[in-house]
Amino acid sequence: MMLPQSSTEIPTAIFNFFMLLLLWRFSLRLLRRPRNRRRWLVDPTVAHRLPEPKPTPLEIAQDRYARGELTDKEFEQVVERLLKSRSPSQDW
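Going left to right, the sequence shown walks through residues 1 to 92 as full-length UniProt numbering numbers them.
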């Protein structure tokens, strides 16, 4: 049975053992294909999704007309008012 020769050999051996385990684990992780194990960090409903664009005033008016909240005359007035107040930078 071999006894350690100095008092620092045991902690050094333990440290080397754990470093070897860490090195082995990370080398296996690099060789295998990556997996998404951290699903709890990222909400899958939100991840990789752009925010939806806000509807334009014309789309809002069309939706209200389709639901029957606006009559034909009111819808035409809204569209005319939107077209008059439209700036050149707006693309709707």
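C-beta atoms are modelled at their ideal positions from N, C-alpha and C, and glycine is treated no differently.
- Considering only the beta carbon of each residue, do L82 and P57 sit closer than 8 Å? To locate residue 82, count along the sequence shown from 1; it is residue 82. To locate residue 57, count along the sequence shown from 1; it is residue 57. Inclusion of L82 and P57 in the CB contact set at 8 Å is warranted, their separation being smaller than that value.
- From A13 to L21, what distance separates their C-alpha atoms? Mapped onto the sequence shown, residue 13 falls at position 13. Mapped onto the sequence shown, residue 21 falls at position 21. Their Cα atoms are separated by approximately 12 Å.
- In whole angstroms, what separates the C-alpha of F18 from that of R32? Here residue 18 refers to the residue found at position 18 of the sequence shown. Here residue 32 refers to the residue found at position 32 of the sequence shown. Spanning the two alpha carbons is a distance of roughly 21 Å.
- Item | Length of the line joining the Cα atoms of T71 and K84 | The sequence position of residue 71 within the sequence shown is 71, counting from 1. The sequence position of residue 84 within the sequence shown is 84, counting from 1. If I take the Cα positions, the gap works out to 20 Å.
- Outcome for A66 when other beta-carbon atoms lying within 10 angstroms are tallied against a minimum of 16: Translated into positions along the sequence shown, residue 66 becomes position 66. By the neighbour-count rule (16 or more Cβ atoms within 10 Å), A66 is not buried but exposed.
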